[in-house]
Amino acid sequence: KHAQQKRACNEYVIAKLAENLAEIAESEASSGPDDPWAGCSLLMPYGDYPDELEREKFPQMLTSFAKARTIIPTLSGSPVIATAARFVPGADSAWIPAQIFREVVPIRNADDLRFLRSLDVSTLTTTEIKARLITRQELTVEQRVGLIAGLLQQPGLRLVYTSALLLDAAGQTLGDGMRVFLPPSGGEPPRLPEWADLRFLNQDMREKLASQLGAGEARELQQKLSGFGLLEYSLGNVIRALVAESNRAT
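First residue of the sequence shown? That's 72 in my numbering, and the numbers climb one at a time after it.
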């Protein structure tokens, strides 16, 4: 009986310790704008727990209390609870615009990722990511270039590639699934019929993409961006694309 009472006492103390640590972490998360990971960092184990704590199920208790606290940093700048946060591979404010991905967690390293998984933070699906990119037209050229460059660094996000991130020669946004030609190296691009879902890439965007991706040659740039619907310019390519469009329309 004495042993049972001692064990119950230990469980109570361990549970209160886990609860208090989660509460302190929440306070740190809300009061430390210079370090958005301050709250989570307080709870990350950075190694194995002592056997005594493992026996008393301290890691499980701490995880349970942590899930209910607003400690997860997001691109919005405000911490949220685990169920409200979303994970995107390689997420970083340098390429993911906060205004359309407010709940996405900026990832620093593998330790962050392990901690998020321990709290069951859900992944934002490629379908959801692409849907947002297609419907939001207010992104600047710089944001679009940053997004494209960031997506190219994440093999698991290939299904997100969309021509909707490109701008045409007139600076207009495009729909998903459109084919976009690189503008000819000299002179103005030819006018295309209105019924054709074909456009020429905005020149300013082309220059920024070439610089960001280190693609000096037109063919190199086209190869890097083929998944986004970018085609190399030639009169023959344009004619073939127009014929294909006409055949689909009849």
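C-beta atoms are modelled at their ideal positions from N, C-alpha and C, and glycine is treated no differently. Being a predicted model, the structure only gives us computed values, none of them experimental.
Would you say the beta carbon of residue i comes nearer than 6 Å to a heavy atom of the ligand SAM?
i      : result
Pro177 : In the structure on display, the ligand SAM does not appear, and there are no ligands present to speak of.
By a C-beta neighbour count over all protein chains shown, 10 Å radius and 16 as the cutoff for buried, is residue i buried or exposed?
i      : result
Gly217 : buried
Thr233 : buried
Arg188 : exposed
Ser112 : buried
Reducing DSSP to helix, strand and coil, say where residue i ends up.
i      : result
Val251 : strand
Phe271 : strand
Arg157 : strand
Leu238 : strand
Leu230 : helix
Val175 : strand
Leu292 : helix
Ile143 : strand
Leu302 : strand
Thr196 : coil
Can you list, in chain order, the residues of its chain whose CB lies under 8 Å from that of residue i, leaving out five sequence neighbours each side?
i      : result
Val309 : Phe252, Pro261, Leu263 and Leu269
With distances taken between CB atoms, is the gap from residue i to residue j smaller than 7 Å?
i      : j      : result
Gly110 : Glu99  : yes
Met276 : Val231 : no
Lys138 : Ala155 : no
Leu284 : Lys295 : yes
With a CB to CB cut of under 7 Å and the five nearest residues on each side skipped, what residues in its chain are close to residue i?
i      : result
Pro160 : Gln225, Gly227 and Leu228
Near residue i, which residues of its chain fall below 6 Å by C-beta distance, leaving aside the five closest residues on each side in sequence?
i      : result
Phe136 : Ala89, Glu90 and Ala93
Thr244 : Gln208
Since residue i and residue j should fall inside the 8 Å C-beta cutoff, what is the C-beta to C-beta distance between them, to a whole number of angstroms?
i      : j      : result
Phe158 : Ser102 : Contact flag wrong, Cβ pair sits at about 24 Å.
Leu238 : Arg203 : Not quite, the Cβ-Cβ distance comes to about 17 Å (not below 8 Å), so this is no contact.
Leu322 : Leu302 : Because the chain here runs from 72 to 321, residue 322 falls outside it and cannot be looked at.
Val176 : Ile167 : Val176 to Ile167, Cβ: 10 Å. No contact.
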